[in-house]
Amino acid sequence: MTETCCFLSLDELAAQVPDGASLALPKDSAGAPMAAVRALVRRGAKDLHLINVPTSGLATDILIGAGAARLVETSGVSLGEFGGAPRFNAAVKAGAVTIRDATCPAIYAGLQAAEKGLPFMPLRGVIGSDVLAFRDDWKVIDNPFAEAAVDPLLLLPAIRPEVALFHARRADRLGNVWIGVQGELAIMAHAAERTLVTVEEVVEDDLMAREESAAGTLPAVYVSAVAEAPKGAWPLGFLDLYPADEAQLADYARLARSAEGFAAYLERGCAPAVGR
Amino acid sequence: MTETCCFLSLDELAAQVPDGASLALPKDSAGAPMAAVRALVRRGAKDLHLINVPTSGLATDILIGAGAARLVETSGVSLGEFGGAPRFNAAVKAGAVTIRDATCPAIYAGLQAAEKGLPFMPLRGVIGSDVLAFRDDWKVIDNPFAEAAVDPLLLLPAIRPEVALFHARRADRLGNVWIGVQGELAIMAHAAERTLVTVEEVVEDDLMAREESAAGTLPAVYVSAVAEAPKGAWPLGFLDLYPADEAQLADYARLARSAEGFAAYLERGCAPAVGR
Amino acid sequence: MPLDCRPEELLIAAIARLLRGCRNIAVGVSSPIPGSAALLARAESETPLRVELLESLDGNSFTRGSVELFDRAAQGRIDAFFLGGGQIDGQANINLVGTGDYPRTAVRWPGSFGSAYLYFLVPRVILFREEHSRRVLVPKVDFVSAPGVSAPEVYRRGGPCALITGKALFRFDRDRRRFRLESLHPGHDLADVLETTGFDFDHDAAPAATAGPDAATLEMIRGPVAREIAKAYPKFAARVFPRA
Amino acid sequence: MPLDCRPEELLIAAIARLLRGCRNIAVGVSSPIPGSAALLARAESETPLRVELLESLDGNSFTRGSVELFDRAAQGRIDAFFLGGGQIDGQANINLVGTGDYPRTAVRWPGSFGSAYLYFLVPRVILFREEHSRRVLVPKVDFVSAPGVSAPEVYRRGGPCALITGKALFRFDRDRRRFRLESLHPGHDLADVLETTGFDFDHDAAPAATAGPDAATLEMIRGPVAREIAKAYPKFAARVFPRA
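Protein chains in written order, with the numbering used here: chain A, 55 to 330; chain B, 55 to 330; chain C, 33 to 276; chain D, 33 to 276.
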């Protein structure tokens, strides 16, 4: 296989996300790239259009708190058992970010439309909700295959992120990335123009060489760059590799209630050495 | 996990495909269930509506030759290096089966619509082809998201097979089935009302227990029944487990040129002991 | 004679009864009580019953990513699901987004998650919210994350079947588009529920009491259910089932 | 001075030249010559070039099933693909279905496969058919599996760029909607090509000869390319590259 993927440092990886880019991020529980998020904050990224796939938490809250995002498209932002996402909530209330509320399968449908090069994908449900009422980029048509007289059907426009960014368990030297059962990471990468990945480790085996590992692998053809970042999801937990750092998360939830507290957290938490 | 899948003999499995059912079959190269096809012939299945996912060869040719199919929806039927599919070609010419010519991604799109509970999926391309001209169940609409004045777009109705039937490498005792990188088998099973699987072997490990094997596993929730059928793809080859039986295939290609030759092949080839 | 049980155990037993006859139950994130109820329903079911705990790494059978939940719901492979709400109104509309004028809501909650879809596709959606107050149970939600009822032309295969709070169990009547109080949890009375519910609902003059778990069920909850739910919700299990 | 090479080797070298500048090439089933050409193009490319051999179990990088080819084409991740045809006409329409009146065609071929889609999505589609006769190269195909050209309002990001047969190489002019003869393979002359081609095409009075492989290229074909293609097409390799 031709080697087209390149290996970068975390800060080099963060430099691959231009200001103003649309940036797809996975759920906190399934590959949130926290070390890369800190690198984005360090480089002073701004005007990002965040696409949560389909929800987010700490990753989105930190980027919003740091002033890196102008728009958030999401189905939910929460710190889970540590409560609401304080900087997100404050920014929405202040109108400091534009919010595009969605519902989980609508975000997948938009990404899958992009994955398939389609202008849109249909989705059942949603009609009659205020989620739909406030989305002027969504359309309802009368299903042309309807057996009934009328059958309103939602169409979601394609979501094609400029960059997808996530954390994964491992990559090989060719840039193939093990994603296991996290199939939504494949959808993100297929849909995005470029995909940047941080990994716990780079392994010497070719992940595509055996069928068992290939089945859970995102091939390098979709991967623009990889950065090795051990404990790259910290302070979140990551799969069965490490649990969440509950003290850190509680600390964050407490400090981030105020802009000052958040700034203090950032100063401590985004120094290059932290989390590596 | 609750055990809902049941383990059957090949003939019991074949009895789970009712006459007249729509039956999805994978490519000859990716899980064609030849032992089960022979069992269907033995039980005298008839009026099947075959859905090739997205193409087929020997499996479809034998079912047509045996008079088991009334309709074939396909993107291509061929014996590959052994030439055209003789009973398929003869039946099309004689009008003995109804043919619904499609194109590969249209069959995937129809199945994915069913997988998502959607009435249809859009697809680019195809417009201006006679494939479209002869499909009165397909529709072209004007893309409601178009930037241009007009943008014709094909919509494919959902394909929801009553039964999906394929051969796989292994199942565990709970009915989880290893499909590896053959993702189209998952699409088939998700789309179908019932899924019947033959496997090379039944293993004692729980395929869902480890992330590495889970990533290539179709969970038992989609699997209605499993039959153990070692060499169940014979005389086709199967993955890296065994190569095609070229003498058999050449024999078939030669004999099946005539109805009489095909009958003689069947008599020899569909006895219960063959291919086990 | 009712057994002495914790309020969580009563809720678990009551929800499990609502799940009878299901074959496939999915439980979303941050849902230890619904999760326990689903596990109890599975333990008590005479027919095979699958439970998918979305929270748990190995507590679900999704191998193609979390999009598979939504596809499975559309395929008719999910019979029951749970939703909550910062606000819930008398037409079973739920609000997971916030209070006040959208988008700059005075209070912002996380967002609608999959509710705007699953509420339409899953036959038996159970609304669960422990807090029973006029703050939560409102006449009309400020933002409809997912509507409780739909116009007849709207494709809808599922919807609300019940609402269970810390005080009472309501059934939702889809034809009348109203809740009916089914039972009051022990220790709560109708006057209090009328006082603390912001929407109108139907009720008997003397509503029944929500039945608690019997001894066998309680043993099941405190034994196998507690051990299983602890894998996904260790803190909840440690608090509610200290002896498991 | 042209080297002594087999006709297959000439075709491989000529097709590989058509693939210059590609980054991702996909090769369908039953395509040993296009497959060899793609491998040669990869070997000679100065920039990274991926080749996906659909025929081969481990010769491609699809891990989500064969639907991934079609998705990847739509994503712009496939630059070149090959199509053939039982019939090909002067507007580059191809027929993979059969001759005579559809559906009860007098001669039935396998079917359209992915052609009706990939012809629209892949920028550089190369038509390859060794047989060069009026039976194959017809004025008008009996069934359009995939049209060579489309009306301006039809979404189309790709289409035919060349047609290569056992006798000649044609370029397709998308604006003029016609083929132009680019070169004749050694041993074939214009009169014969005019005689055996059923459609009109543009040509010079004295067309160029198709260049064969130079010594370095021939060495590459007979060495690494032959060894690699043998994994997917052992019989082809044994016949054409007996010494590899």
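All residues carry an ideal CB built from backbone N, CA and C; glycine is no exception.
Listed along the chain, the chain B residues whose CB falls inside 9 Å of the CB of D/Ser182 are Ile181 and Gly182. The three-state reading of DSSP puts B/Ser132 in strand, counting E and B together. Judged by DSSP secondary structure, A/Gln302 falls within the alpha helix (DSSP H) whose first and last residues are Glu300 to Leu309. Excluding its 5 nearest sequence neighbours in each direction, D/Ala264 has C-beta neighbours in its own chain below 6 Å: Leu85, Glu87, Ser88 and Gly91, listed in chain order. Within the region 129-172 of chain A, the complete alpha helix (DSSP H) runs of at least 4 residues fall at 140-148 and 158-169. Contacts between B/Ala269 and chain A, judged by CB atoms closer than 7 Å, involve Gly234, Val235, Ala269 and Gly270 in chain order. Counting only residues of its own chain and dropping the five nearest sequence neighbours on each side, C/Arg203 has a CB closer than 6 Å to the CB of Ala194, Arg212 and Glu214.
Using a 10 angstroms sphere on the CB of B/Val204, the tally of other CB atoms stays under 16, which defines it as exposed. Rounded to whole angstroms, B/Gln302 and B/Ala123 show a C-alpha spacing of 23 Å. At a cut-off of 8 Å between C-beta atoms, D/Ala240 does not count as an interface residue with respect to chain B. Taken in chain order, the complete alpha helix (DSSP H) segments of 4 residues or longer contained in the region 54-128 of chain C are 64-76 and 99-106.
Shown in chain order are the members of the region 131-153 of chain D whose Cβ falls below 8 Å from a Cβ of chain A: Leu153. B/Thr152 and B/Leu125 have their C-alpha atoms roughly 5 Å apart. For the region 67-99 of chain C, the set of residues with a beta-carbon nearer than 7 Å to any beta-carbon of chain A comprises Leu89, Phe94, Thr95, Arg96, Gly97, Ser98 and Val99, in chain order. With 16 or more other Cβ atoms from the protein chains shown falling within 10 Å of its own Cβ, B/Glu254 counts as buried.
Under the Cβ criterion of 8 Å, B/Asn143 is counted among the residues facing chain D.
With a threshold of 16 other beta carbon atoms within 10 Å, D/Gly116 meets it and is buried. Against D/Asp234, chain A offers no close residue; the least beta-carbon distance is about 33 Å (beta-carbon pairs closer than 7 Å). For B/Tyr296 against B/Leu112, the beta-carbon gap comes to about 15 Å, at or over 8 Å, which does not count as contact.
Straight-line spacing of the CA atoms in B/Ala160 and A/Ala281 works out to 38 Å. Chain-ordered listing is empty here: chain A has no CB closer than 9 Å to the CB of C/Val168, the nearest sitting near 16 Å. Segment contact: the region 149-164 of chain D against the region 166-175 of chain B, fewer than three CB-CB distances shorter than 8 Å; contact not assigned. Assignment of A/Asp65 by DSSP, reduced to helix, strand and coil, places it in the helix class.
In terms of Cβ geometry, C/Asp111 and C/Arg156 form a close pair [threshold 8 Å]. Cβ contact annotation for D/Gly230 (same chain, cutoff 6 Å, sequence separation greater than five): Arg166, Leu169, Val170 and Pro171, in chain order. Between the region 232-239 of chain A and the region 271-279 of chain A, the count of C-beta pairs closer than 8 Å reaches three or more; the two stretches touch. Any Cβ of chain C closer than 8 Å to the Cβ of A/Ala202 would place that residue at the interface, and such an atom is present.
Interface residue (Cβ-Cβ distance to chain D less than 8 Å): B/Gly130 is classified as such. Setting aside the 5 residues that flank it on each side, C/Ile158 is surrounded in the same chain by Leu50, Phe114 and Ala194, each with a C-beta closer than 6 Å to its C-beta; the list follows chain order. Taking a C-beta distance under 8 Å as the contact criterion, A/Met242 and A/Ala93 do not qualify as a contact pair. Using a CB distance cut-off of 8 Å, C/Val176 counts as an interface residue toward chain A. Of the candidates C/Val186, C/Pro179 and C/Ser177, the residue whose Cα lies closest to the Cα of A/Glu201 is C/Val186. Fully contained in the region 167-246 of chain B are the following alpha helix (DSSP H) runs of length 4 or more, in chain order: 184-187 and 237-245. DSSP, reduced to helix, strand and coil, places A/Glu258 outside both helices and strands of the structure shown, so it counts as coil. Scanning the region 219-251 of chain D for uninterrupted alpha helix (DSSP H) segments of 4 residues or longer gives 222-228, listed from N- to C-terminal end. For D/Glu41, the uninterrupted alpha helix (DSSP H) run begins and ends at Pro39 to Leu50, by DSSP.
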